[in-house]
Structure formats: C-alpha cells, structure tokens
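A.B. asks: Please read through the structure below; I'll follow up with questions.
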Amino acid sequence: LAKTTQPISMDSYEGQEVNITCSHNNIATNDYITWYQQFPSQGPRFIIQGYKTKVTNEVASLFIPADRKSSTLSLPRVSLSDTAVYYCLVGDLGGNTPLVFGKGTRLSVIA
Amino acid sequence: EAQVTQNPRYLITVTGKKLTVTCSQNMNHEYMSWYRQDPGLGLRQIYYSMNVEVTDKGDVPEGYKVSRKEKRNFPLILESPSPNQTSLYFCASSLTARYGYTFGSGTRLTVV
Numbered sequence: 065l066a067k068t069t070q071p072i073s074m075d076s077y078e079g080q081e082v083n084i085t086c087s088h089n090n091i092a093t094n095d096y097i098t099w100y101q102q103f104p105s106q107g108p109r110f111i112i113q114g115y116k117t118k119v120t121n122e123v124a125s126l127f128i129p130a131d132r133k134s135s136t137l138s139l140p141r142v143s144l145s146d147t148a149v150y151y152c153l154v155g156d157l158g159g160n161t162p163l164v165f166g167k168g169t170r171l172s173v174i175a
Numbered sequence: 010e011a012q013v014t015q016n017p018r019y020l021i022t023v024t025g026k027k028l029t030v031t032c033s034q035n036m037n038h039e040y041m042s043w044y045r046q047d048p049g050l051g052l053r054q055i056y057y058s059m060n061v062e063v064t065d066k067g068d069v070p071e072g073y074k075v076s077r078k079e080k081r082n083f084p085l086i087l088e089s090p091s092p093n094q095t096s097l098y099f100c101a102s103s104l105t106a107r108y109g110y111t112f113g114s115g116t117r118l119t120v121v
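From first to last, the protein sequence lines are chains W and H. Using the numbering used here, the letters of the first sequence map in sequence onto residues 65 to 175. Using the numbering used here, the letters of the second sequence map in sequence onto residues 10 to 121.
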C-alpha cells in the first residue's frame with residue numbers, strides 16, 4: 065500500500081475553510097483514499113472516502129486530482145469542535161490488507 | 010445501537026499479571042482489529058482478524074495475543090504485561106478491511 069505524507073499540524077481560525085493535503089505518490093490503481101477524524105481519548109471516526117475526482121458529504125469534501133498522487137480534505141467553515149487529528153489513509157479496493165494509520169495532522173481551531 | 014464495546018475503560022495492573030481486554034461488536038462485521046496509541050507515535054496496529062479463526066500480526070504484536078472464536082468477539086490478551094505496554098488501546102471492526110471502521114471507546118491501560 066502507498067505510504068502517505070501529511071503535515072504534522074495546522075492552525076485555523078473559526079469560520080475559515082481548512083484544506084489538509086495528503087501526498088501518496090506511490091498509489092496503485094487498486095487503491096482508494098480515506099480520511100478519519102480523531103478527538104482526544106476517542107477512537108477515530110470515518111469522515112470520507114474516494115477513488116478519484118471529488119466526493120462530498122455533509123461533513124467534508126475530498127478532492128483527488130487526475131494523477132491521484134495527492135488528495136485534499138476540505139472542511140468548510142470550521143468551528144472549535146473541529147479541533148482534532150485527521151488521518152489520511154490509502155487502502156486496496158479488495159479489502160485484503162488493513163488500513164495503516166500514521167500520525168495524522170493535528171488541526172487546532174482558534175476562536 | 011450499532012457499536013463496538015470495549016471493557017474495561019480503565020485498568021491499572023502490576024507487571025506480570027495476566028489480563029484480558031474484551032472487544033465485542035454487534036454489526037456482524039467480519040473484520041476486527043486492535044490498535045495502541047502512544048503520544049507522538051500515532052495509532053499502531055497490534056493484531057487483526059479478517060474473519061472467524063483467522064488472525065494476523067500487525068506492526069507491534071510482541072507481548073500480545075488475540076483469538077477470534079466467534080464473529081462478534083475479539084479479546085486482546087496480555088500474558089505478562091510490562092510497563093512499556095502502558096497505552097491507550099482501541100478495538101475496531103468493519104464489514105471488511107476496506108470499509109469504514111467503527112472504533113470502540115478505548116481502554117486506558119497502566120502497568121506498574
């Protein structure tokens with residue numbers, strides 16, 4: 065599975081849009097991209113998943129360029145409650161290998 | 010309510026005293042997994058199971074055992090706990106290894 069690289073931390077003010085970019089240069093044709101959110105002392109929570117182009121749900125949007133070597137999680141108008149660690153993961157569509165969590169990006173939202 | 014239940018939530022034990030952390034899911038998921046989380050190291054996988062009677066080592070399996078005798082339960086066993094196993098542990102389950110994982114509330118273990 066492709067290794068992912070994402071910033072260690074980011075800061076944002078309330079009400080701003082936050083974009084967290086993840087690099088996965090070695091992504092394979094059979095791989096998809098998924099993002100999780102984790103609050104302190106809680107288990108990670110699934111946010112969004114995609115294979116290519118753009119995916120949007122009630123929480124976030126995921127942008128994946130044509131070469132799929134990176135992806136961007138977009139959180140619209142963040143609030144203090146969006147302060148969390150965000151993980152970018154690459155997994156195989158067949159589900160034959162488990163997702164590997166890295167250290168994630170620690171997002172701090174400031175009032 | 011669909012959930013993954015871990016017990017206990019908090020545990021303090023002494024070095025060498027065998028312990029079991031239970032994990033149960035009520036979603037008929039095939040895939041289950043254990044992680045530990047330590048400051049600065051992120052989430053590291055200990056063991057996972059693709060289905061009943063099938064278990065595999067993750068990144069940090071040393072000092073741990075698991076079993077998957079039935080689909081809903083996936084206990085984590087520490088035969089002889091040591092202080093370096095002090096950590097926050099999470100159990101997760103999913104329909105398959107691909108789909109969105111549901112995590113338990115965590116077990117904070119302290120070994121003295």
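The C-beta atom is built at its ideal place from N, Cα and C for all residues, glycine as well. In this text the structure is predicted, and so the values were computed from the model without any measurement.
Give the secondary structure of SER105 (chain W) by DSSP, where H, G and I count as helix, E and B as strand, and everything else as coil.
C.D. replies: Locating residue 105 (chain W) in the first sequence gives position 41, counting from the first residue. It is coil, neither helix nor strand.
A.B. asks: Work out the CA separation of ILE112 (chain W) and THR98 (chain W) for me, nearest whole Å.
C.D. replies: To locate residue 98 (chain W), count along the first sequence from 1; it is residue 34. To locate residue 112 (chain W), count along the first sequence from 1; it is residue 48. Roughly 6 Å separates the two Cα atoms.
A.B. asks: Nearest to THR64 (chain H) by CA position, among H:CYS100, H:GLY49 and H:MET41, is which residue?
C.D. replies: By one-based count along the second sequence, residue 64 (chain H) stands at place 55. Per the Cα distances, H:MET41.
A.B. asks: Taking the alpha carbon of SER76 (chain W) as the reference point, which residue from W:GLY159, W:THR161 and W:THR147 has its own alpha carbon closest?
C.D. replies: Here residue 76 (chain W) refers to the residue found at position 12 of the first sequence. That would be W:THR147, whose Cα lies nearest to the Cα of SER76 (chain W).
A.B. asks: Along the chain, where does the beta strand (DSSP E) that runs through ALA134 (chain H) open and close?
C.D. replies: Chain H is shown from 10 up to 121; residue 134 (chain H) falls before or after that span and cannot be answered.
A.B. asks: So, does the CB of ALA11 (chain H) fall closer than 8 Å to a CB anywhere in chain W?
C.D. replies: Translated into the one-based positions of the second sequence, residue 11 (chain H) becomes position 2. ALA11 (chain H) does not count as touching chain W.
A.B. asks: The beta strand (DSSP E) spanning ASN16 (chain H) covers which residue range?
C.D. replies: The residue given as residue 16 (chain H) occupies position 7 in the second sequence. For ASN16 (chain H), the enclosing beta strand (DSSP E) begins and ends at 13-16.
A.B. asks: At which residue ranges does the stretch 101-153 of chain W contain complete beta strand (DSSP E) runs of 3 or more residues, listed in the order of the chain?
C.D. replies: With a minimum length of 3 residues, the continuous beta strand (DSSP E) runs that stay inside the stretch 101-153 of chain W are 109-114, 117-120, 125-128 and 134-139.
A.B. asks: Please identify, using Cβ separations under 9 Å, the residues of the stretch 99-113 of chain H that lie next to chain W, in order along the chain.
C.D. replies: PHE99, CYS100, ALA101, SER103, LEU104, THR105, ALA106, ARG107, TYR108, GLY109, TYR110, THR111, PHE112 and GLY113
A.B. asks: On the premise that SER103 (chain H) lies in contact with GLY111 (chain H), defined as a C-beta separation below 8 Å, what is that separation, rounded to the nearest angstrom?
C.D. replies: Here the question's residue 111 (chain H) lines up with position 102 in the second sequence. Here the question's residue 103 (chain H) lines up with position 94 in the second sequence. Here residue 111 (chain H) is Thr; the residue named in the question, Gly, does not match the sequence. Sure, about 7 Å apart at Cβ, within 8 Å.
A.B. asks: Which of the residues in the stretch 36-50 of chain H, read from start to end, lie with their CB under 8 Å from any CB of chain W?
C.D. replies: TYR40, SER42, TYR44, GLY49 and LEU50
A.B. asks: Whether or not the stretch 152-163 of chain W and the stretch 89-104 of chain W are in contact is what I'm after, with contact meaning three or more pairs of Cβ atoms, one per stretch, closer than 8 Å; do they touch?
C.D. replies: yes
A.B. asks: Could you tell me the distance, in whole angstroms, from the CA atom of PRO48 (chain H) to the CA atom of VAL23 (chain H)?
C.D. replies: Locating residue 48 (chain H) in the second sequence gives position 39, counting from the first residue. Locating residue 23 (chain H) in the second sequence gives position 14, counting from the first residue. One C-alpha to the other measures close to 22 Å.
A.B. asks: Do ARG170 (chain W) and VAL149 (chain W) have their C-beta atoms within less than 8 Å of each other?
C.D. replies: By one-based count along the first sequence, residue 170 (chain W) stands at place 106. By one-based count along the first sequence, residue 149 (chain W) stands at place 85. Yes, the Cβ-Cβ distance between ARG170 (chain W) and VAL149 (chain W) is below 8 Å.
A.B. asks: Within the 8 Å Cβ cut-off, does TYR73 (chain H) reach chain W?
C.D. replies: As a position in the second sequence, residue 73 (chain H) is number 64, starting the count at 1. Chain W, which has no Cβ nearer than 8 Å to the Cβ of TYR73 (chain H), makes this no.
A.B. asks: Let me check one thing: in DSSP terms, what residues is LEU20 (chain H) bridge-paired to?
C.D. replies: The residue labelled residue 20 (chain H) in the question sits at position 11 within the second sequence. Answer is H:LEU118.
A.B. asks: At a CB-CB cut-off below 8 Å, which residues of chain H make contact with THR93 (chain W)?
C.D. replies: For the purposes of this step, residue 93 (chain W) is identified with residue 29 of the first sequence, where counting begins at 1. Result: empty, since nearest Cβ-Cβ is about 15 Å, beyond 8 Å.
A.B. asks: Counting only beta-carbon separations shorter than 8 Å, does LEU52 (chain H) have a partner in chain W?
C.D. replies: Within the second sequence, the letter at position 43 stands for residue 52 (chain H). LEU52 (chain H) counts as touching chain W.
A.B. asks: Does GLY115 (chain H) have its Cβ less than 8 Å from a Cβ in chain W?
C.D. replies: Taking the second sequence and counting its residues from 1, the one referred to as residue 115 (chain H) is at position 106. Yes - at least one Cβ of chain W is within 8 Å of the one on GLY115 (chain H).
A.B. asks: Residues of the stretch 56-69 of chain H with a CB closer than 7 Å to any CB of chain W: list them in chain order, please.
C.D. replies: Answer in chain order: TYR57.
A.B. asks: Measure the C-alpha to C-alpha separation of ALA124 (chain W) and GLY109 (chain H) and round it to an integer number of angstroms.
C.D. replies: Counting from 1 along the first sequence, the entry for residue 124 (chain W) is found at position 60. Counting from 1 along the second sequence, the entry for residue 109 (chain H) is found at position 100. Looking at the two C-alpha atoms, the distance is approximately 15 Å.
A.B. asks: Output needed in chain order: residues of the stretch 160-171 of chain W with a Cβ under 9 Å from some Cβ in chain H.
C.D. replies: Listed in sequence order: ASN160, THR161, PRO162, LEU163, VAL164, PHE165, GLY166, LYS167 and GLY168.
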